[in-house]
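Below is one structure, written out as structure tokens; comments come after it.
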Amino acid sequence: MQGLGGQGRVLVRAGLALAACVLAVSAVIVATEGGTFPGGPGPSVTLAPTAAVGCDAAGPYNPPERGSVGLPAGIGELCSGGSITLSVAGAVLDGWDVHGGIVVDAPDVVVRRSRVTGDGATPYGIVTTAAGSVRIEDVTLTGDFPEAAIGGDRWSGERVEIVGVTHDGARLGEGARLRNSNVHDFAPAPGGDAHALVLRGTGGNVVVEDNRIELGDGPGRASAVLLAPDKAGRRADGPVVIRGNVLGGGRYTVQQDSPSAVMTDVVITGNRFRRGAGDIPLRVSRRAVLEDNMYLDGGPLPQR
């Protein structure tokens, strides 16, 4: 493994299990123990910056075929590692098999062509801090995340697959985007509730577009989309747009947690709902704009 040019030797954390991987040095990350997660166990131990960014074994990046969702088929071997923190602006994490989670603590980070598997202790698969923003593309998240597979503000997901998770699929804070993705086949923890997508923060400036969000039926499957802001919103925060999705499952497939809650504009348009919601498919405030929403078979939805 080579170092960072004239910057001296590259130090690699043993827990990342890099022996089988050749790393491409295109940015720098700081690898830490899993305690960097909010509420995570134990203190965090920050080691020296490493060049653990690109995984040469995965091969060069090529845009996936049309219709691809999640980790693309046909890429090379992934580099295996534990929980890590990305703390340098513009870092690109490509071709990794992460057991635990990823904390994004810098702006303009990219996580692509990777798989993140929950270990039952790390709260999130990918989460932003107050300093972080991230683009997530061609990534599969699966397993036991006690909070959610994705969380935080200022993240965007393209061609993401969230499958077989035990708690929430994704929590969308301010500036979150999810497009062309598949969230499906949940495995709720006994006695718990799982929502596929949950809008947090002010519930503003969020886009959910052209996805398949299918929570499934049965105990613990609460809502495919839950609007549950925990901060007062302002019109300037931007609208919530839920557009062009296939949605299914839950007691209420799309639910506003408190119809009287202060939220920015909510626009729900062009969505197709699967039949079989435990109660009704759409339960939102009368202030929400609803247009061109119907069942997959063309039937009209019941009144909200």
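Using the numbering used here, read the sequence shown as starting at 32 and increasing by one per residue.
Even for Gly, the Cβ is constructed at its ideal location relative to N, Cα and C.
To the nearest angstrom, report how far apart residue i and residue j are at their CA atoms.
i: T148; j: G247; result: 21 Å
i: L203; j: R210; result: 12 Å
i: E189; j: V238; result: 12 Å
i: E64; j: R303; result: Bear in mind that a pLDDT of 35 at E64, under 50, signals an unreliable position, so the model cannot answer this.
i: T300; j: A120; result: 35 Å
i: P138; j: P331; result: 43 Å
i: G107; j: P94; result: 14 Å
i: V100; j: V170; result: 8 Å
i: I133; j: G163; result: 12 Å
Between which residues of its own chain and residue i is the CB-CB distance below 7 Å, once the five residues before and five after are set aside?
i: G309; result: G281, R282
Can you tell which of the options has its C-alpha closest to the C-alpha of residue i?
i: H215; options: G206, E245, L109; result: E245
i: C110; options: R243, V129, T153, D296; result: V129
i: V272; options: G249, P250, N242; result: N242
i: P177; options: G307, D150, A161; result: D150
i: T197; options: G269, T160, Y155; result: Y155
i: V191; options: V141, E205, I311, L313; result: V141
i: V123; options: M325, C86, D268, G131; result: C86
i: P333; options: R318, E322, D323, P312; result: P312
i: V165; options: G329, D136, E96; result: D136
Excluding five sequence neighbours on each side, which residues of the same chain lie with their C-beta closer than 6 Å to the C-beta of residue i?
i: G251; result: P219, G223, D224, A225
i: V279; result: One point to set straight first is that residue 279 is Gly, not Val, in the sequence displayed. Counting only Cβ-Cβ distances below 6 Å, and skipping sequence neighbours, we find E245, R305.
i: A207; result: W186, V237
i: I193; result: L172, A180, G200, V214
i: V256; result: L228, V285
i: V298; result: P270, V272, V320
i: R318; result: none
In terms of residue numbering, what span does the beta strand (DSSP E) encompassing residue i cover?
i: G132; result: No beta strand (DSSP E) holds G132; DSSP gives it neither H nor E.
i: T171; result: 165 to 175
i: D150; result: 140 to 150
i: H215; result: 213 to 215
i: S316; result: Unbroken run through S316: none, as it is neither H nor E.
i: S111; result: 110 to 112
i: D199; result: 199 to 203
i: T300; result: 297 to 300
i: A308; result: Looking at the DSSP string, A308 is not in any beta strand (DSSP E), and its letter there is neither H nor E.
i: I244; result: 243 to 245
i: R252; result: 252 to 258
Using 8 Å for Cβ pairs, my map puts residue i next to residue j. What's the rounded Cβ distance?
i: G126; j: A88; result: 7 Å
i: D175; j: T159; result: Not confirmed; about 21 Å, so no contact.
i: G131; j: G113; result: 5 Å
i: S145; j: L117; result: Wrong, their Cβ atoms sit about 12 Å apart, outside the cutoff.
Leaving out the 5 sequence neighbours to the left and right, which residues in its chain are closer than 8 Å to residue i when beta-carbon positions are compared?
i: L327; result: V277, R303, F304, R305, R306
i: S212; result: V100, G188, E189, R190, V191, E192, I193, N242, R243
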